[in-house]
Amino acid sequence: MYNYLDTTTTIVATATATGGAVAVVRLSGKDAITIADKMFRGKHKLSESKGYTLHYGTIVNGCGEVVDDVVVALFCAPHSYTGDDTVEITLHGSEYITSEVIRLAIEYGATMATPGEFTRRAFLAGKMDLSRAEAVADIIASDSRWSHNIASTQMRGGYSEKLSELRGELLILCSLLELELDFSEEDVEFADRTTLRQTLNTITAQIECLKSSFALGNVIKNGVNVAIVGKPNVGKSTLLNVLVGDDRAMVSDIAGTTRDSIEATTTIDGIRYRFVDTAGIHATDDTLEKMGIDRSYRAISNAHIILHLASTEEPEFEIIEKDDNQHYIKVINKIDRITSSDFSDTNDVIKISAKSGFGIDTLRHRLRKITDTSQLGAGSIVVSNMRHYSALNSASEALMDARRGMDMNIPSDLLSEDIHRVLHHLGEITGEITSEDILQSIFSKFCIGK
Ligand code: GDP
1143 MYNYLDTTTT
1153 IVATATATGG
1163 AVAVVRLSGK
1173 DAITIADKMF
1183 RGKHKLSESK
1193 GYTLHYGTIV
1203 NGCGEVVDDV
1213 VVALFCAPHS
1223 YTGDDTVEIT
1233 LHGSEYITSE
1243 VIRLAIEYGA
1253 TMATPGEFTR
1263 RAFLAGKMDL
1273 SRAEAVADII
1283 ASDSRWSHNI
1293 ASTQMRGGYS
1303 EKLSELRGEL
1313 LILCSLLELE
1323 LDFSEEDVEF
1333 ADRTTLRQTL
1343 NTITAQIECL
1353 KSSFALGNVI
1363 KNGVNVAIVG
1373 KPNVGKSTLL
1383 NVLVGDDRAM
1393 VSDIAGTTRD
1403 SIEATTTIDG
1413 IRYRFVDTAG
1423 IHATDDTLEK
1433 MGIDRSYRAI
1443 SNAHIILHLA
1453 STEEPEFEII
1463 EKDDNQHYIK
1473 VINKIDRITS
1483 SDFSDTNDVI
1493 KISAKSGFGI
1503 DTLRHRLRKI
1513 TDTSQLGAGS
1523 IVVSNMRHYS
1533 ALNSASEALM
1543 DARRGMDMNI
1553 PSDLLSEDIH
1563 RVLHHLGEIT
1573 GEITSEDILQ
1583 SIFSKFCIGK
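Take the sequence shown: its position 352, counted from the start at 1, is 1494 in this note's numbering, and no numbers get skipped.
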């Protein structure tokens, strides 16, 4: 069975995506340098060179044939990403060359790395805690300024520092409470209850603050879902196309052309928006259309923002069921068809012409205003990971138990138990508390080579 904690083998994988001009093959583990030396011909042997050096040379196969001209970067343990000896071979980005180099590495003793194995080894070697390791995947996946900002702060350890600060305070409380147990005969209180209560209140407030940042963190990381809804032919597909600047949705005069939901994304001022052009919701006997309409209902229930479109031909907004936490924007399209006197201005309706582009910037601005990023600055801590959010929730419940327990004057050992639960859940985020299952679920989402 595969052992997630094993770091004794030497692993190899391509660290770059296919199709680039150059590619990097990475080898890491105790035999990385010996294996690389078997295929690398340069001025010096890698095993006789210092770490943090670059070496120009060639890779040769078992028959002595040159596979490619390469540059090798050498990192010696413990000063590498994984903490083990690591060799990064930069070569021409041909699939044949990379697979040949990987084949040679495997022939000389390496094993193919599993997804995220380099980062997992970095975690196991204590090079980074779990939340920072997870941020590595987030930074690779980041596709907007703000998702990069959050991942970058997390990767640089801002979040870990905050959590270890909280854990540090809790550990002091626990040790004072446990000291009381050692002196239980003497009925002493080492942990002053007023200070204890204040500390628990402060930590609760800080955890609540981290929890409440998740709503923003989640939309920044995963994008804001916007469902474009409205009767057939009001211009939903045309609007989606103009918003994402692409001909994604089919546009036609025939009502019901959009039989299924069409999705497209675009970035507005550093935030990703995922627009779903829902199939027009109307009564129909057509099975295909019915399926599309069902999906529309699903898209609407998953939306952060419902963009309700009507047109100057049919300016009424039919009633749409929505949750209280969903934002709702009314838009009237085809404004180009009328003279301004035909249509009076109202504040809560945005008037646009998806065809001419009139009002589209105002609409973009309204969409962007809904995601308030004003509190985000360099280094601000925002939780964007569901696993962390769930651990914070559990920590918060345990804190609540501790505070309730204090109200009821529970004995020190029970109080200490509750605080230990808080420590446990905070430790799950940073990886002080972990299991093979958690590691497997986190690192299996990484790409191979990272
Ligand atoms: P959907 O069924 O709501 O997705 O509507 P479509 O986007 O397919 O558009 C239906 C028709 O309205 C097409 O002929 C579009 O060219 C037309 N249309 C869409 N937007 C506008 C607009 O702003 N002005 C005018 N005059 N026609 C529009």
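The beta-carbon is built from N, C-alpha and C at its ideal position, and this holds for glycine as well.
- Here F1325 is exposed: its Cβ has fewer than 16 other Cβ atoms, across all protein chains shown, within 10 Å.
- In the three-state reduction of the DSSP assignment, K1363 falls in the helix class, which pools H, G and I.
- Three or more Cβ pairs drawn from the region 1147-1154 and the region 1172-1181 lie within less than 8 angstroms of each other, which places the two stretches in contact.
- DSSP places K1180 in the uninterrupted alpha helix (DSSP H) bounded by 1174-1181.
- Less than 7 angstroms separates the beta-carbon of I1492 from that of L1505.
- Annotation for L1451: no alpha helix (DSSP H) segment contains it, though the beta strand (DSSP E) segment containing it runs 1447-1453.
- Under the DSSP assignment, A1421 falls outside any beta strand (DSSP E); it carries neither an H nor an E label.
- Distance from A1540 to V1525 at the Cβ level is roughly 17 angstroms; contact not present, criterion being Cβ atoms closer than 8 angstroms.
- For the options S1453, D1503, I1502, K1464, the alpha carbon positioned closest to that of R1479 is the one of S1453.
- Pairing G1569 with H1450, the inter-Cα distance amounts to about 44 angstroms.
- If you look at N1375, you'll find it isn't in any alpha helix (DSSP H); DSSP assigns it neither H nor E.
- Taking C-beta atoms under 8 angstroms as the contact rule, D1226 and A1219 qualify, at a distance of about 5 angstroms.
- In this structure, the C-beta of D1211 stays at least 6 angstroms away from each heavy atom of the ligand GDP.
- Under the three-state reduction of DSSP, I1413 is assigned to strand.
- If only complete runs of 4 or more residues are kept, the region 1263-1311 shows the alpha helix (DSSP H) at 1272-1283, 1287-1297, in order along the chain.
- Distances from the alpha-carbon of L1385 to those of Y1415, S1289, G1372 put Y1415 closest.
- Between the ligand GDP and the CB of S1495, the shortest heavy atom gap is smaller than 6 angstroms.
- At least one heavy atom of the ligand GDP lies closer than 6 angstroms to the C-beta of T1380.
- Put simply, the region 1287-1303 does not touch the region 1547-1562. Fewer than three CB pairs are less than 8 angstroms apart.
- Secondary structure of K1493 (DSSP, three-state): strand.
- With fewer than three CB-CB distances shorter than 8 angstroms, the region 1233-1244 does not count as touching the region 1268-1285.
- Residues I1153, V1154, A1155, I1590, G1591 of the same chain have their beta carbon placed closer than 7 angstroms to that of A1255, with the five preceding and five following residues left out of the count.
- Contact between T1515 and V1366 does not hold, since the beta-carbon distance rounds to 11 angstroms and is not under 8 angstroms.
- Secondary structure note for Y1250: it is in no beta strand (DSSP E), with a DSSP letter that is neither H nor E.
- Classified as exposed, L1323 has fewer than 16 neighbouring CB atoms from the shown chains inside 10 Å of its CB.
- According to the DSSP assignment, S1354 belongs to no beta strand (DSSP E) but to the alpha helix (DSSP H) extending over 1335-1354.
- Within the same chain, and ignoring the five residues on either side of N1444 in sequence, the residues whose Cβ sits closer than 7 angstroms to its Cβ are N1367.
- Between D1419 and S1379, the C-beta spacing is below 7 angstroms.
- Per DSSP, V1524 is not a residue of any beta strand (DSSP E), being assigned neither H nor E.
- Cβ atoms of L1308 and T1576 stay farther apart than 8 angstroms, at about 18 angstroms.
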